[in-house]
Every structure is written in C-alpha cells, then in structure tokens.
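> Read top to bottom, the protein sequences are chains E and C. The numbering of the first sequence is the working numbering, which starts it at 306 and goes up by one. The numbering of the second sequence is the working numbering, which starts it at 7 and goes up by one.
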Amino acid sequence: TTRSWDFLGLSSSSPSSILVSSKMGDGVIIGVLDTGVWPESEVFKDEGLGPIPSRWKGVCESGKHSNGKVRCNRKIIGARWFVDGFLAEYGQPLNTSDNQEYLSPRDANGHGTHTSSTAAGAFVGNVSYKGLASGTVRGGAPHARLAIYKVCWNVLGGQCASADILKALDEAIHDGVDVLSLSIGSSIPLFSDVDERDGIATGSFHAVTRGITVVCGAANDGPSAQTVQNTAPWILTVAASTIDRTFPAAIKLGNNKTFLGQALYTGKEIGFRRLVYPEASGLDPNSAGVCQALSVSPSLVAGKVVLCFASTTPRVSIFRAAAVVRAAGGVGLIVAKNPTDVLTSCGDNFPCIEVDFEIGTHILFYIRSTRSPEAKLSHSKTLVGKRTLAKVAYFSSRGPNSIAPAILKPDITAPGVNILAATSPLDQLADGGYVMHSGTSMSTPHVAGIVALLKALHPTWSPAAIKSALVTTAWRKDQSGFPIFADGSPQKLANPFDYGGGIVNPNGAADPGLVYDMGTVDYMHYLCAMDYNNSAISRLVGRSIVCPSEKPSLLDINLPSITIPSLRHSTTITRTVTNAGASKAIYKAMIDSPFGITMVLNPGVLVFNSTTKKISYTVTVTTIHQVNTGYFFGSLTWTDGIHNVTSPVSVRTEVLQSYEDD
Amino acid sequence: EGKSKVHIVYLGENQHNDPALAVDYHHEMLATVVESKEIASDMMIYSYKHGFSGFAAKLTESQAQRLAELPGVIRVIPNRIHRLQ
C-alpha cells in the first residue's frame, strides 16, 4: 500500500481526493472475515480517532489463552472468533503441528492483518520490504473502524468452514458493520447462490438487503475463463491488477549485454561469476535445465549462477530450484518463465531473478555459444510511475460467470500484486512486521476501503448504487489514454471478463452522475429468473413471493453492465437509471457497439429534473453474425458533458445451441 | 448412518424479533429429530439468529434428511471448507 493508494488517486496530499472529503472514512465500520488480527501492529493505532460509533453493538473477545489475548481500541472496535464449525469437522484440538495458531482473534497466519490493514490501517511512514517499495503504508479508509471476525484458521495455509463464515456474517449484521470484506473463496464448480455450502452468497444476501456492502475476491484461478468465484449479483466481486511499480534487477552478461528481470533481491551485487545451464546428454538436452526438476551437483554449480526454465507451476519451481542451487553452493539463479506478475523473495535474500522466455533464451544462446559464460547480478530497484503500465494480474480469475453468464463477473479490479502491508510477526516472510503478498485477497480490501469512503460521503446509497458507481466510473485506460492489458498467455487487451468495469477509480465513483440501483425486489427478479422455487425465494426474503408466470429475463436485471451470452437475432433489454447528481441534467448516449452488433437506444436522451429522478430505457441489440461467435465487447456511455456513466457490453452470437465454450 | 457431520439447517429470513426466541425455536426443531432437548443442545454448534435464521449442528445423514422434510426448512446442507485467496 506504499504505492497502491497513490496509483488509485487517493494520495493523502491531494486536496481534491475523496480521502479528504470523506474524512478518511470516519464513522464507517468495516467488518473483515479472515484469519484475525495482530492488534499491536502500529497500523492499528487509534490516535486521532474519535469515540466508537454509538450504533456499534459488537464485542471484543480476548480469547482463551493468555498468549493469544487481544485488546481492542478505537481502531479495532470488535474482535471475535468462530472455530466450532471447523473443529467439529476436523476434530479437537486444532492441529497446528505445522503452524502456530491462537484460539482467539489473534492472527498467527498474517493474512487477516494484511487485509484489514489494507482496508482501514492508519498511516505508518518509512516502511519497506527489505529496502524495496519504501513509503507510507496505510488503509484505504484510515479513519474507518475495524471489526475483526476470525473464521479462517492457520491449518494447511488457511482454511475456513462455511458454518463459521455464516455465523460471523450473522453476528456482523447484528453488530452494525457497514462494509464486509471477505478474501475467501472455494473452488470450481460453484454451488448455487442459495446453497449454504457456499456460505458466503446466502449470508451476504441478508447483509446486502440490510444495506451492508459485501466485497469478495474473484479468486486466483486465472487466466483461464469461467474461473471467477463469489458470483452472486448482490456481491461486489473484485479482480486483481498490478500497479505502476516494478522491481527490476539487472543481469549483465560477459558479452556486455544487460537484461532486466524482476526480483525481490536486496542483497549485495553478485559480481561476474561463471554462468551455467544444466544441460543433459542424450535425446532431450533441455531436460536437466527444468526448474522444477533441477538436480545439480556442487561440482557443477558451486560459486556459479544457474539458469533454469520453469515450464509449470512457476512459484513452486522457483522455490525448489533456489533451494537446490543454494544447497549445491550456487550463488544465484536466473529463472526463465511465463510472465506471472507475482514476486516472492527466495528466502534469506538469495538472488533469484525472473525473466521471460525470450530473455531466458537469449541468455541460453549466450551460454551455448561462449567458452566461459559469465553473469553479474544486481540487486532489485523500485521503479514507480507513469512508465509502468498496470495490467490485470495473471492469476486473477476471469469471467464469464459459470452460474449465470448474463451477470458480469468480476465487477471491478483493484491492486493485488506485490502489496506491502502489515502482517503477523509469525509470518515467516515478514520483514519488521510487514510483508508483500499477492492475490485477489489483497485487491478485495482495497475496494472495501474505497466503499468505506463512499459510505462516509453517501450514507444513504444502497450496495447496488455503490457497485454501480464503481463499475461505471472505472478506468479502462491509463492516464495517458493507453488501454489496460491483461496478463495471460499471451498478454492481450483487457476485456470485461478480465476486469469487470475496469480498474477502480475512487474519486470518479464519488460523483458518478447516474446509478443503476437495485433492492430486494431486483434480487427476487434474479432468483426467479434463475428458476429457484417460490418457497425458497419466499423464505430467503422473508415474505411470500410468487414468481411471475412468464419467467423474468436475466438480461433485465438492473446491473451497470450488459452481458448477452446467447444472441440469436434481436433482443431488447431494459435498464433504469437514477440521477445521483444535480437535479436538472440531460444525458446523451454514446455507443461503442461490439463487432457485428447493433445497439439501438430508446430514448436516446435522458432528461432529469426535480420530479424525474429515475428513467428507464431500452436497448435493442441485434447481431449480423450468421455463425456462433465468441464474445465481442463494447460499451454504452451516458454523458451530460461532466459525467461519463459507462456500462461494459459483452455479446456472444449463438445461431446454434452452444455445445461447449465456443 | 452412524457418523455425524456438521450440517447447516437454513430457515431463511429471521421470523423472530427476539434472538432468544429464535434459539429456542432452533433447539425445538432439532429436538424433533433426536430424542430430547438435551441431546439437541449437545448437537447444536451455532444458532443463526440475527441476520437470518438457521442453525449448524452435527447430524447423521438420516437426521439431516428428516430435518429437511420439516416445514419451514429451506435446505439442510453439509458444511464445507473455504480457502484464503
């Protein structure tokens, strides 16, 4: 977070930032369901915070054992833990043979401390990770309060039972939180939106109908399509992007050529050393140089720099290869791999520099063509600013939504790569109480913090209005007008299935112009359209519901996006916009139709005044394609000259029934 | 049949203004499929009583099936594990 908030336009030094106008989220309570919190971290100091909001009804449970006790303050106003569902499944006592854990809200894992400090941590200056990424860490809403619900336990990397998650959501609704942040997911295939095995969709439905925005991660199963999780339309689902910061490290070869890789290496420069690539004899000379299968003897690599190529699971490969090279006396490692954004220190500051296959191949050709190849490895530097483009992260899960493809997911994208934030001192990667982590776990609390700022500015906005404001104002281009890319194989221009509306633009969302609002009735419309039965829907919403005999269309859910997964000839969809700006306003449409698709609006102009605050319009979408196509993308923007209210549009033509994801 | 596993019995929107009444209702409902209220109390893990209604309890498959057939029960579903992202 030493850079991510500046990247998003929420610099504390900018007077026009909503950080100032929202009083840094003062008065808003963010509930975080995660691995707990390390309350003594400086990021949770409560200096300058006023009294705890009077509506707060939560509690601070200190825990059973003296070493795990937690004390709250005016920043962490609530802390609870829910383990019974987990223990009933796994047996007691908690098996923490691999990792320490506390039966209290105290965070042994570090993940919950990272996410909660990202959402609402206080300003702490002069923080870095081993000298890299230095600056001031803070949360998105530094004056918001935190309510900690520990539901994930430090077993096998962090596990959480749906019974515990549901209990935490039930209590959080009672306690009076305004925003909920859940960096938790499950696995594909998904359970339905009304299936409690999901644990999140059902509980969050009840939270959202009470005005609580629920922010969840999209998951880390990208870049494959249809991997996005937490897809219910009432959830705000967050993808992950890089920011305008990199950590280049130079590799200088004996032929005087220099290549730049990326690393988290802050040790001394490794002067010119012999450079080796473990080449096998026989039919497959490359087999010995595969990172994940690296097996090198001290006689081959002692005192040398090793090059290897990672073909699969790069992160595991790098750790393993670094350990092997180090054990054999090697002094450095160059890893050639597919671009994956995420960087991790190779332990004890061992120099392992990551390059792409192109650079790796150049280095290999140099080794193969030189009698005594040499390389010099520099330590990493922190490069920040406009010349570094943000991209959708390689790992970030992608749409379309596998439950309801007409509901665009993810909704929005936020920084989630190499994010420096507070952690537990027990985190083995920690440096002085801080660590760099990557994942949609990290992008989720960024959005939760921004939602807290919006809640402080607009306390009456519904969760759907907040989502709409975020989606329709998001960035699809960088400051210089350059489009945003999505990392994958190969890298490509990002589309709504990569980033939803785009990269979150907090200052834009504070003044969106128009919003696509929704309430319980709209969610019932969705549930009817999904063929859930009347009695289940009635119980869910707490009153008798009879779905209309003519099934509603998913395409008419009042979302700030338009996604048509199966267009044959022509279809007409309806949207209703609510004026969230000055009462007198005239909006005109700008259409960027997907390739081969025509979009006709009625009306083409929206006129708002003191009596007309909501206007419905229709869009008739027609395809000229005569074959089944993939998705084509476009946008629909309503503009009054000041605000641009942009909906992402995704359309797939299907003249024949789809038999697979074509 | 013999092995109990954590199940979530989901009843939808909370129909009780008083959380204590919701808890009593959950115990009574569970007691209808076990021998007594005392056993029901031992099996109960959580009552969901504020934002929505339901409970989590350790149930055998046949107990889960019988609960699922009671009026007012939307679903009875096994607990499952989520992971950090």
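No residue lacks a Cβ here, since even glycine has one placed at the ideal position from N, Cα and C. Given the structure is predicted, the values throughout are model-derived calculations rather than measurements.
To the nearest angstrom, how far is the alpha carbon of GLN531 of chain E from that of PHE802 of chain E?
Taking the first sequence and counting its residues from 1, one reaches residue 531 of chain E at position 226. Taking the first sequence and counting its residues from 1, one reaches residue 802 of chain E at position 497. So the alpha carbons of these two residues sit roughly 9 Å apart.
> Can you tell me which of the three DSSP states MET823 of chain E falls into?
By 1-based counting over the first sequence, the position of residue 823 of chain E is 518. Reduced to three states, the DSSP call for MET823 of chain E is coil.
> Per DSSP, VAL924 of chain E is paired with what?
Numbered from 1 along the first sequence, position 619 holds the residue referred to as residue 924 of chain E. DSSP, once it has assigned bridges, lists E:ILE878 and E:LEU906 as partnering VAL924 of chain E.
> Going by DSSP, what residues sit across from GLY8 of chain C in a beta bridge?
Mapped onto the second sequence, residue 8 of chain C falls at position 2. Paired residues: none, contrary to the question.
> Between ASP480 of chain E and TRP361 of chain E, how many whole angstroms is the CB-CB distance? I'm expecting something under 8 Å.
Locating residue 480 of chain E in the first sequence gives position 175, counting from the first residue. Locating residue 361 of chain E in the first sequence gives position 56, counting from the first residue. The pair is a contact, with the Cβ atoms about 7 Å apart (cut-off 8 Å).
> Please determine if the stretch 876-895 of chain E and the stretch 940-948 of chain E are in contact, where contact requires at least 3 C-beta pairs separated by less than 8 Å.
Three or more Cβ pairs closer than 8 Å define a contact, and the stretch 876-895 of chain E meets that threshold against the stretch 940-948 of chain E.
> Compare the Cα-Cα distances from ASN404 of chain E to each of E:GLY744, E:PRO730 and E:HIS667 and report the closest residue.
In the first sequence, the residue the question calls residue 404 of chain E occupies position 99. Cα-wise, what sits closest to ASN404 of chain E is E:PRO730.
> I'd like the list of long-range same chain contacts for GLY18 of chain C, defined as Cβ closer than 6 Å, with 5 residues on each side in sequence excluded.
By 1-based counting over the second sequence, the position of residue 18 of chain C is 12. Closer than 6 Å at Cβ, skipping near neighbours: ILE80.
> For GLY522 of chain E, report the span of its beta strand (DSSP E) as first-last.
Numbered from 1 along the first sequence, position 217 holds the residue referred to as residue 522 of chain E. Looking at the DSSP string, the run of the beta strand (DSSP E) that includes GLY522 of chain E is 518-522.
> Please classify GLN71 of chain C as buried or exposed, where buried requires at least 16 other C-beta atoms within 10 Å of its C-beta.
Here residue 71 of chain C refers to the residue found at position 65 when the second sequence is read from its first residue. Exposed, by the Cβ-count rule.
> Taking all protein chains shown into account, decide if PHE510 of chain E is buried (16 or more other Cβ within 10 angstroms of its Cβ) or exposed.
One-based indexing of the first sequence puts residue 510 of chain E at position 205. Under a 10 Å Cβ-count criterion, PHE510 of chain E is classified as buried, with 16 or more other Cβ atoms of the shown protein chains found around its own Cβ.
> With which residues is ASN719 of chain E paired in a DSSP beta bridge?
Here residue 719 of chain E refers to the residue found at position 414 of the first sequence. Before going further, note that residue 719 of chain E is Ala rather than Asn in the sequence given. DSSP, once it has assigned bridges, lists E:ALA545 as partnering ALA719 of chain E.
> Helix, strand or coil for ASP967 of chain E per DSSP?
Taking the first residue of the first sequence as 1, we reach residue 967 of chain E at position 662. Summary for ASP967 of chain E: the model assigns pLDDT 43, below 50, so the residue's position carries little reliability, and this model does not support an answer.
> Helix, strand or coil: which one does DSSP assign to ASN372 of chain E?
As a position in the first sequence, residue 372 of chain E is number 67, starting the count at 1. The answer is helix: DSSP assigns ASN372 of chain E an H, G or I state.
> Cβ of GLN531 of chain E less than 8 Å from any chain C Cβ?
Against the first sequence, residue 531 of chain E aligns to sequence position 226. Chain C contact via Cβ: absent.
> Within the continuous beta strand (DSSP E) that includes SER433 of chain E, where are the two ends?
The count along the first sequence starts at 1 and reaches residue 433 of chain E at position 128. Where SER433 of chain E is concerned, the enclosing beta strand (DSSP E) stretches over 429-434.
> Just checking: is the beta-carbon of GLY57 of chain C within a distance shorter than 8 Å of some beta-carbon in chain E?
Taking the second sequence and counting its residues from 1, the one referred to as residue 57 of chain C is at position 51. True, the Cβ-Cβ gap to chain E drops below 8 Å.
> Output yes if chain C places a C-beta closer than 8 Å to the C-beta of CYS833 of chain E; else output no.
If you number the first sequence from 1, residue 833 of chain E lands on position 528. It does not: the Cβ of CYS833 of chain E has no partner Cβ on chain C nearer than 8 Å.
> Does the separation of the CB atoms of THR300 of chain E and ARG443 of chain E fall below 8 Å?
Residue 300 of chain E is absent from the model: chain E starts at 306 and stops at 967.
> Can you find a CB in chain E that lies within less than 8 Å of the CB of GLU75 of chain C?
Working through the second sequence from its first residue, we reach residue 75 of chain C at position 69. No - not a single Cβ of chain E is within 8 Å of the one on GLU75 of chain C.
> Please list, in chain order, the chain C residues whose beta carbon lies closer than 7 Å to that of ILE382 of chain E.
Looking up residue 382 of chain E in the first sequence gives position 77. Chain C residues near ILE382 of chain E: none, gap ~18 Å exceeds 7 Å.
> Using the three-state DSSP reduction, which class does GLU75 of chain C fall into: helix, strand or coil?
As a working mapping, residue 75 of chain C is identified with position 69 in the second sequence. Note: GLU75 of chain C maps to coil in three-state DSSP.
> Under the rule that 16 or more other beta-carbon atoms within 10 Å means buried, what is GLN397 of chain E, buried or exposed?
Sequence index remark: in the first sequence, residue 397 of chain E carries index 92 (1-based). When all chains shown are included, GLN397 of chain E counts as exposed.
> With distance defined between alpha-carbon atoms, name the residue in E:HIS751, E:THR928 and E:SER843 nearest to TRP310 of chain E.
Taking the first sequence and counting its residues from 1, the one referred to as residue 310 of chain E is at position 5. Nearest option by C-alpha distance: E:HIS751.
> When burial is assigned at 16 or more other CB atoms within 10 Å of the CB, is LEU588 of chain E buried or exposed?
Taking the first residue of the first sequence as 1, we reach residue 588 of chain E at position 283. Exposed is the call here.
> Rounded to the nearest angstrom, what separates LYS43 of chain C and ASN20 of chain C at their Cα positions?
Position 37 of the second sequence, counted from the first residue, corresponds to residue 43 of chain C. Position 14 of the second sequence, counted from the first residue, corresponds to residue 20 of chain C. Taking the straight line from one Cα to the other gives about 21 Å.
> Does DSSP put PHE58 of chain C in a helix, a strand or coil?
Sequence index remark: in the second sequence, residue 58 of chain C carries index 52 (1-based). Of the three classes helix, strand and coil, the one that applies to PHE58 of chain C here is coil, per DSSP.
> GLU476 of chain E touches chain C at which residues, Cβ-Cβ below 7 Å?
Residue 476 of chain E sits at position 171 when you count from the first residue of the first sequence. Within chain C, the residues near GLU476 of chain E are HIS56.
> With DSSP as the reference, please indicate the residues paired to ASP661 of chain E in a beta bridge.
Along the first sequence, one-based indexing puts residue 661 of chain E at 356. Paired residues: none, contrary to the question.
> Would you mind working out which of E:ALA473, E:GLY445 and E:ASP389 sits nearest ASP339 of chain E, comparing C-alpha positions?
Here residue 339 of chain E refers to the residue found at position 34 of the first sequence. Closest by alpha carbon: E:ALA473.
> Locate the beta strand (DSSP E) running through ALA384 of chain E, then write down its first and last residues.
Taking the first residue of the first sequence as 1, we reach residue 384 of chain E at position 79. Taken as a continuous stretch (DSSP letters only), the beta strand (DSSP E) holding ALA384 of chain E covers 381-386.
> How about ALA774 of chain E and ALA449 of chain E: are their beta carbons less than 8 Å apart?
On the first sequence, residue 774 of chain E is found 469 positions in, with the first residue counted as 1. On the first sequence, residue 449 of chain E is found 144 positions in, with the first residue counted as 1. Taking 8 Å as the Cβ cut-off, ALA774 of chain E and ALA449 of chain E do not qualify as a contacting pair.
> With the cut-off set at 8 Å, would you say GLY1006 of chain E and ALA524 of chain E are in Cβ contact?
Here chain E covers residues 306 to 967 and nothing more, so residue 1006 of chain E does not appear.
> Is LYS64 of chain C close to chain E? Criterion is C-beta to C-beta, closer than 8 Å.
Walking along the second sequence from the start, residue 64 of chain C turns up at place 58. Yes, contact with chain E.
> Could you check what DSSP says for SER491 of chain E in three-state terms: helix, strand or coil?
What you label residue 491 of chain E is simply residue 186 of the first sequence in a count that begins at 1. Looking at SER491 of chain E - three-state DSSP - the assignment turns out to be coil, as it is neither helix nor strand.
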